[in-house]
Ligand code: ADP
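Structure, rendered in structure tokens:
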């Protein structure tokens, strides 16, 4: 092994404690693999209301009680508890500050579907509280690995508030961006919580994004190194204005330091051979369980016809995820015919559309507008086709889970989808899925139809499935790449 590194990973969500999407999956998986490689890896995350203290055995840590964090003259007192990531020795610190984190949602109010208005204060406290926690712990990470805008103020604070503090002299930062569409841009008034130096000029600073205060920009410009979560997406954000969402200049500035590291999957959680949440376990060579899973799912959902291909979506219901493309061809797709199941939450217009379709085609369409991890496993195991028509996709994890469960992905050729799904070629019998190249609904429908032509030939379909199940997207390789990035951070300064 190379040097044993001390790494603090900072995540606003960590599965299974908290999760709204792929970020939580990464927070729950990558630290375990790095720890298994022999590094001292610890995680810090907010303690949200939904985290069950008893189930996960959260313990008070005496020296992490009543940590004082200064927020614009006011002193806030936080407590930090600790637990292990399930099935591992990774220590997770939970920042407990009830007024900010003890809420029903992580970033938004689930009842109103609106972002919390004090998110800037909440995550500023999270960032500053993280650095204060390290001081109390007297544990100096070689690298603080920050993830997404919620952690972007850490590199910034290290530059502006803690630069002269000897404790942080050798602490480097890596900023990983899981999606450039989410930037944590706030009204300038949020500056009032930060005790900025007197000579601080907002307009000249890493914070200013067109007059707004951007946590992501601050992180990107202040971190030692930056990366995103697939090579293709790294290329896209560097070379096309369409992907950076206003961060183009920032990205140009850091172009040499911006790497792509593909996310992996937690093969302990997502594995049809061991998954306790599915009707019957199966593997590439012992595949009969797959049809048991399909039958069980069809019955559970009240769908009619087991012979029909079952098409699935598990996703945020947004334009990024291409839901408008699906909407345009939805009834044509049903007429093929196929059965359809959807699990997701998102924009109201998509909720309304899918509910309308479920009412119109009750035996053919099953719609679940909620976040339900257990149902997600049953759907991934029971479906035949998995759709991800995302207009852009930094990495995407669900297509990897689908591959592993022998559920064939149909995806738009972009970002991490392009890096992981290769078109099935009838001639060479290579490839693990179906892709379309123009972000238009007709192209999506064509790709679905092409996949279903192969579905009808059992021998070919088995081949597509086998190719997918064989591909290895476990975290080990990407974890090595992160170690190299950490090392680059350390060598850089
Ligand atoms: P993103 O992070 O952009 O939402 P990813 O594909 O990277 O997309 O990860 C999404 C993760 O969230 C996957 O683990 C997926 O199974 C899960 N997921 C998304 N929507 C739901 C839902 N409604 N219920 C349960 N799991 C969901």
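In this note's numbering, the protein residues as written are 92 to 584.
Positions of the beta carbon are idealized from the N, C-alpha and C atoms, including for glycine.
Check                                                                                                                        : Outcome
Rounded straight-line distance, which links the Cα of residue 392 to that of residue 199                                     : 29 angstroms
Residue 104, buried or exposed, once every other Cβ within 10 Å from all chains shown has been counted against 16            : buried
Distance, residue 434 Cα to residue 345 Cα                                                                                   : 37 angstroms
Inter-residue Cα distance where the pair is residue 341 and residue 301                                                      : 12 angstroms
Top-ranked residue by Cα proximity to residue 285, from 520, 461 and 163                                                     : 163
Rounded C-alpha distance that separates residue 461 from residue 138                                                         : 22 angstroms
Residue span of the beta strand (DSSP E) that contains residue 350, given as start and end                                   : 349-351
Member of 457, 363 and 427 whose CA lies at the smallest distance from the CA of residue 395                                 : 457
Local conformation of residue 205 per DSSP, three classes                                                                    : strand
Among 280, 316 and 547, nearest to residue 299 - alpha-carbon criterion                                                      : 280
Residue 575 - containing alpha helix (DSSP H), residue span                                                                  : 566-583
Proximity test, Cβ basis, 8 angstroms: residue 567 and chain D                                                               : Here chain D cannot be found, since the structure has a single protein chain.
With 16 other Cβ atoms within 10 Å as the buried cut-off, status of residue 330                                              : exposed
Separation of residue 427 from residue 536, as counted between CA atoms                                                      : 10 angstroms
Residues that DSSP places opposite residue 185 in a beta bridge                                                              : 136 and 172
heavy atom of the ligand GTP below 7 angstroms from residue 461 C-beta                                                       : The ligand content of the structure shown is limited to the ligand ADP, which means the ligand GTP is not among them.
Which of helix, strand or coil DSSP assigns to residue 154                                                                   : helix
Three-way DSSP call (helix, strand, coil) for residue 561 in this model                                                      : helix
Euclidean distance between Cα positions of residue 364 and residue 471                                                       : 13 angstroms
Start-to-end residues for the alpha helix (DSSP H) that takes in residue 236                                                 : Note, residue 236: premise wrong, no alpha helix (DSSP H); beta strand (DSSP E) at 234-238.
Closer than 7 angstroms: residue 489 CB and nearest the ligand ADP heavy atom                                                : yes
Runs of beta strand (DSSP E) wholly within the region 354-426 (minimum 3 residues, chain order)                              : 401-408
Best match in 528, 251 and 388 for proximity to residue 310 [C-alpha to C-alpha]                                             : 251
Any 3 or more C-beta pairs closer than 8 angstroms across the region 207-214 and the region 223-230                          : no
Buried or exposed (CB count within 10 angstroms, at least 16 for buried), residue 189                                        : exposed
Member of 508, 333, 142 and 112 whose CA lies at the smallest distance from the CA of residue 564                            : 508
Identity of the residue in 495, 267 and 543 nearest residue 362 by Cα                                                        : 495
Other residues of its chain near residue 259: CB distance less than 7 angstroms, five sequence neighbours each side excluded : 249 and 253
First and last residue of the uninterrupted beta strand (DSSP E) at residue 114                                              : Element bounds for residue 114: not the beta strand (DSSP E) but the alpha helix (DSSP H), 113-127.
Cβ contact (3+ pairs, closer than 8 angstroms) linking the region 522-531 and the region 433-451                             : no
Residue burial classification, residue 423 (beta-carbon count within 10 angstroms, cutoff 16)                                : exposed
Sub-8 angstroms separation of residue 101 and residue 236 beta-carbons                                                       : yes
Helix, strand or coil at residue 330 [DSSP, three-state]                                                                     : helix
Whole-angstrom distance between residue 169 and residue 547, CA atom to CA atom                                              : 59 angstroms
Backbone CA spacing between residue 534 and residue 501 [nearest angstrom]                                                   : 11 angstroms
Of the listed residues 158, 383, 174 and 140, nearest to residue 119 (C-alpha basis)                                         : 174
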